[in-house]
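The sequence shown: position 7 = 6 (numbering that gives the first Met the number 0), numbered continuously. Following: one structure in structure tokens, then a few remarks.
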Amino acid sequence: MLAYNYPLLDFFWTMLEIFFFIIWLYLLFIVFVDIFRSHDMGGFAKALWVIFVIILPYLGVLVYLIARGGKMHERAAAAAQAQQKAFDSYVQQAAGGSSTADQLSKLAELKDKGTITEAEFAAEKAKILG
0 MLAYNYPLLD FFWTMLEIFF FIIWLYLLFI VFVDIFRSHD MGGFAKALWV
50 IFVIILPYLG VLVYLIARGG KMHERAAAAA QAQQKAFDSY VQQAAGGSST
100 ADQLSKLAEL KDKGTITEAE FAAEKAKILG
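The structure is reproduced here in structure tokens:
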């Protein structure tokens, strides 16, 4: 028979400790990312923050969140916005995106060649000008 010598409350306490440790690892990672993403600090200040967070990890993360936590969201939002802008420009470039004027000129060429009728031209022009 298996002996039961690990009480249920100890199991829940262990799970809570693991949960808090994972949260702390996530915060540590986010703090390191924010330290190196920050453009308002010089290299020496970044090095000091990294040393502080490595030598006194719990206190370092807590102090960093108190001292610079308010700006972390702004830097993360700016990075996400820049990434979205780069993605949008890549998608437009890859899709061969063109301006409205380019689309209208291509449509006019098709009409002049007789590929499309006047009614099709008017319908497509309305779609483009939307």
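Glycine included, C-beta positions come from ideal geometry on N, C-alpha and C. Only a predicted model underlies this, so the values are computations on that prediction, with no experimental measurement involved.
Inset, instruction - Helix, strand or coil for Ser88, going by three-state DSSP, please let me know. - result: Note: Ser88 maps to helix in three-state DSSP.
Inset, instruction - Classify Leu55 as helix, strand or coil using the three-state DSSP reduction. - result: Coil at Leu55, not helix or strand.
Inset, instruction - Could you have a look at Asp111 and say whether DSSP puts it in helix, strand or coil? - result: Assigned with DSSP and collapsed to three states, Asp111 falls in helix.
Legend entry - Extent of the continuous alpha helix (DSSP H) to which Tyr25 belongs: Element bounds for Tyr25: 7 to 36.
Inset, instruction - Please classify Asp87: is it buried, with 16 or more other beta-carbons within 10 angstroms of its beta-carbon, or exposed? - result: So Asp87 counts as exposed.
Legend entry - Per-residue DSSP class, three states only, for Met40: Three-state DSSP puts Met40 in coil, outside helix and strand.
Legend entry - Alpha carbon of Lys110 to alpha carbon of Val90, nearest angstrom: Rounded to whole angstroms, Lys110 to Val90 spans 28 Å at the Cα level.
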